[in-house]
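Here is the structure we will look at.
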Amino acid sequence: MKLTFRGVRGSIAVPGPNTLRYGGNTTCLEIRGDNNELIILDAGTGIYQLALTLFGELPIEAHLFLTHTHWDHIQGLPFFIPTFIPGNTIHIYGAFDPVGQKNIRQILARQFEYCYFPVREAELKATMRFTTLKERQTVQAGGVTISNILMNHPVLNFGYRIECNGKSIFFTGDHEQLYNIYAPEEDGWSEYQQYVNEKNKAITDFMHGVDLLVADTSYTIQDYPQKKGWGHSTFDANIDMARIAQVKSLYFTHHEPVRSDNDLERVYQEALERKKVAIHGPPCHLAREGLTIEL
Amino acid sequence: MAYSETELFALMEAIPAFPHSGYRILQLTNDINCPPKELVRVIEQDPILTMHLLKLVNSEHFGLARKITAIKQAVVFLGINTIKNLALIIAPMELLTRDKVPPRSLTDILRHSLTTAIIARKLAQNLGCSENQATDCYVAGLLHDFGKIALYQLWPDKYGSLLGKLETIEAHSFVDRELQEVSTSHAAIGELLGRQWNLPDLIVQSMGGHHNPDLCATSPLLNCVFAANLIARKMDAIRSGRFSRKEILPSAMIQHFGKDLDSLTASMGLIADEIDHALLLTTIQEDGSMASSMKQP
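Chains A and B are the protein sequences, given in the same order.
Per this note's numbering, residue 498 is the first one in the first sequence, and the count goes up by one each step.
Per this note's numbering, residue 312 is the first one in the second sequence, and the count goes up by one each step.
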């Protein structure tokens with residue numbers, strides 16, 4: 498199995514001299530199975546870079562799994578060129594919207610409405626297949642198995658586990674470490690903590706032992722107090738989670754748009770030293786646009 | 312002969328208590344920084360709201376791997392923002408009817424009440440009222456016809472058939488017909504209920520006086536609900552293609568809003584989506600699945 502980062506930036510694309518090394522495009526991961534199956538996680542602006550590489554292998558069958566449908570994870574979708582070309586088959590998977598009571602097709606159709614985009618969803622020339630996933634529903638794409646678990650974000654967000662021939666990857670999508678909304682001396686604390694522990698265990702069990710964990714790491718521990726509840730995690734929380742889940746390597750992604758390459762490297766180094774990663778592991782890396790990892 | 316207040320109070324014992332939690336949720340969610348535990352507390356204190364929320368999150372469409380049995384658990388497993396937004400769908404409907412799936416004959420009243428609420432809030436915002444005042448306008452709009460729901464609960468057959476003719480009867484003669492059929496009016500019983508429920512004075516006044524333009528001219532809330540009621544009627548009539556009564560906005564109100572009824576209606580823009588969204592809960596069946604029109608392809 499092979500993973501290529503096509504977009505590693507959180508919230509909004511930030512091209513420019515300060516983001517040249519790590520990249521300015523928003524979330525998109527390309528995963529290739531051992532038989533070259535094409536699995537795409539999220540359709541941020543990075544999916545356009547991926548689209549440009551696919552012309553040599555048309556027609557394609559792509560399986561696009563959306564962690565959630567906030568803008569930075571779907572903004573590139575209308576420009577995913579294979580959707581305009583007959584003969585391609587694009588499968589799109591994602592969660593149900595319980596607030597708007599919409600399935601994934603109805604959610605995405607909005608993006609293709611007249612006022613947002615010149616081509617209607619019904620006019621896309623590729624064969625488009627939509628699947629609204631339930632939690633822990635497993636999808637088989639050739640030799641690749643994809644399963645999901647709900648994470649913690651201000652909208653339903655699936656974390657995906659991808660497996661192929663004994664190798665495995667887990668991608669959190671957007672996720673904030675769980676925390677108790679009560680103070681320890683308050684009445685609801687212990688009941689709430691019990692659910693937090695249960696959910697934490699469910700998540701770490703689900704990603705247990707993966708070769709590669711790709712985790713939303715928007716914040717430093719210094720940023721976090723002002724951004725608590727916004728749905729994103731810190732370097733430190735992800736290192737803790739990776740250790741509990743005994744993952745083999747950890748990639749930090751969803752870099753803050755305000756963070757320059759130099760700043761990103763600095764806060765990353767500080768976190769590694771603070772958490773003594775050199776001694777206790779796991780091996781940690783910054784996700785970088787264009788970086789390919791072979792498993 | 313009309314009922315005395317004592318007789319009406321006796322009748323109202325059959326009507327459930329006011330779900331203050333629904334009102335509180337609307338107020339709390341005005342604030343982006345509303346503390347999650349306060350929202351949890353309000354929901355947990357209301358068993359019916361709790362039940363509706365749990366049914367919704369456990370519905371088959373939601374597709375959770377684990378059955379959710381408590382509100383705190385729902386917050387941990389789905390996130391506070393999802394729970395907040397679900398509570399916001401349930402709250403207005405809860406204020407109107409504690410039945411999740413309202414009887415057919417009340418559907419028009421519910422739609423009209425939600426439409427009036429949304430418009431009243433918009434009018435208040437346009438007048439520069441604070442978010443809390445705008446929420447009160449929303450609640451007052453939601454509840455202005457609550458007397459009709461109460462009368463229907465007391466006499467489903469008799470009042471139900473009168474409701475069926477609502478659109479074809481002039482407003483002033485509708486009240487006469489109410490007096491003939493059930494010896495009271497929706498405004499009178501609405502005002503009594505509002506008072507009994509200890510709702511803010513202005514909301515009580517609008518429940519009783521929303522057909523009285525002279526009274527309504529005395530406060531922005533009453534003004535907004537009065538005008539919103541007329542705009543909603545106009546929109547209901549356009550939507551359903553039904554006969555429309557001639558509605559007139561008093562000149563003092565035209566001055567107040569700076570627009571006549573037609574311009575005010577036009578200025579509402581496209582609120583159909585918002586209304587449909589507010590009515591979502593009425594399309595969710597007892598087992599948590601959705602009515603056929605909403606099903607997945």
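Backbone N, C-alpha and C define an ideal beta-carbon position, used for all residues, glycine too.
In this text, all values refer to a predicted model and were calculated from it rather than measured experimentally.
Neighbour flag for Ala699(A) against chain B, beta carbons, 9 Å:
yes
Own chain partners of Glu807(A) with C-beta closer than 6 Å, once the 5 adjacent residues on each side are dropped
In the structure as shown, chain A begins at 498 and stops at 792. Residue 807(A) is therefore absent and cannot be evaluated.
I want to see whether chain B comes within less than 9 Å of Gln608(A), judged by CB atoms only; does it?
Gln608(A) does not count as touching chain B.
So what does DSSP say about Lys411(B), is it helix, strand or coil?
For Lys411(B), the pLDDT reaches just 49, beneath the cut-off of 50, and the residue's location in the model is therefore unreliable, although a value from the coordinates is still provided. Secondary structure of Lys411(B) (DSSP, three-state): coil.
What are the boundary residues of the beta strand (DSSP E) that includes Ser665(A)?
Lys664 to Phe668
Output yes if chain A places a C-beta closer than 9 Å to the C-beta of Arg377(B); else output no.
yes
Nearest to Thr418(B) by alpha carbon, out of Ala428(B), Ile429(B), Met404(B) and Gly520(B)?
Met404(B)
Tell me, please, whether the CB atom of Ile391(B) is closer than 9 Å to any CB atom in chain A?
Chain A, which has a Cβ nearer than 9 Å to the Cβ of Ile391(B), makes this yes.
Just checking, does the region 647-663 of chain A make contact with the region 546-555 of chain A on the three C-beta pairs under 8 Å criterion?
no
Partner residues on chain A for Leu624(B), Cβ-Cβ distance less than 7 Å
What the structure shows of chain B is the stretch from 312 to 608, and residue 624(B) is not part of that stretch, so it cannot be assessed.
For Leu653(A), which residues from the same chain have a beta carbon less than 8 Å from its beta carbon, with the 5 sequence-adjacent residues on both sides left out?
His565, Ala592, Phe593, Asp594, Pro595 and Leu647
Cβ pair count under 8 Å reaching 3, the region 617-625 of chain A against the region 506-517 of chain A:
Two segments are said to touch when three or more pairs of C-beta atoms, one from each, lie closer than 8 Å; by this definition the region 617-625 of chain A does not touch the region 506-517 of chain A.
How about Ile420(B) and Tyr449(B): are their beta carbons less than 9 Å apart?
no
Leu591(B) vs Gln598(A) beta-carbon contact at 9 Å:
It is a contact, given that the beta carbons lie within the stated cut-off.
Taking C-beta to C-beta, are Ala402(B) and Ser332(B) nearer than 9 Å?
yes
For Glu791(A) and chain D, any beta-carbon pair shorter than 9 Å?
Considering every chain present, this structure includes no chain D. Its protein chains are A and B.
Since I believe Cys345(B) is in contact with Leu337(B) (beta carbons under 8 Å), could you give me their beta-carbon distance rounded to a whole number of angstroms?
The pair is not a contact, with the Cβ atoms about 11 Å apart (cut-off 8 Å).
Flag this pair as touching only if the region 767-781 of chain A and the region 737-748 of chain A have three or more C-beta atom pairs under 8 Å; answer yes or no.
yes
Measuring only the C-alpha atoms, how far is Thr629(A) from Ala606(A)?
Distance between the alpha carbons of Thr629(A) and Ala606(A) is about 13 Å.
In whole angstroms, give me the CA-to-CA distance for Phe568(B) and Ile571(A).
41 Å
Between the C-alpha atoms of Phe673(A) and Leu474(B), what's the straight-line distance to the nearest angstrom?
Correcting the residue type first, residue 673(A) is Glu in the shown sequence and not Phe. Distance between the alpha carbons of Glu673(A) and Leu474(B): 51 Å.
CA nearest to the CA of Leu513(B), picked from Val536(B), Thr317(B) and His497(B):
Val536(B)
Note down, in chain order, all residues in the region 560-589 of chain B with a beta-carbon under 8 Å from any beta-carbon belonging to chain A.
His588
CA nearest to the CA of Ala328(B), picked from Asp342(B), Glu316(B) and Pro358(B):
Pro358(B)
Residues of chain A with CB under 8 Å from Ile400(B), in chain order?
Scanning chain A for C-beta atoms nearer than 8 Å to the C-beta of Ile400(B) yields Val596, reported in chain order.
Taking Thr651(A) as the query, report the chain B residues whose CB atoms sit under 7 Å from its CB, ordered along the chain.
Correcting the residue type first, residue 651(A) is Pro in the shown sequence and not Thr. Near Pro651(A) (Cβ distances below 7 Å), the residues of chain B are Gly390 and Asn392.
Partner residues on chain B for Ala593(A), Cβ-Cβ distance less than 8 Å
For the sequence presented, residue 593(A) should be read as Phe rather than Ala. Neighbours of Phe593(A) on chain B, chain order: His372, Phe373 and Gly374.
Would Val493(B) pass as a contact of Leu465(B) if the rule is Cβ separation under 9 Å?
yes
With 16 other CB atoms within 10 Å as the buried threshold, where does Thr501(A) fall?
buried
Residue span of the beta strand (DSSP E) that contains Thr550(A), given as start and end:
Element bounds for Thr550(A): n/a, residue is neither H nor E.
Within 10 angstroms of its Cβ, does Thr529(B) collect 16 or more other Cβ (buried), or is it exposed?
exposed
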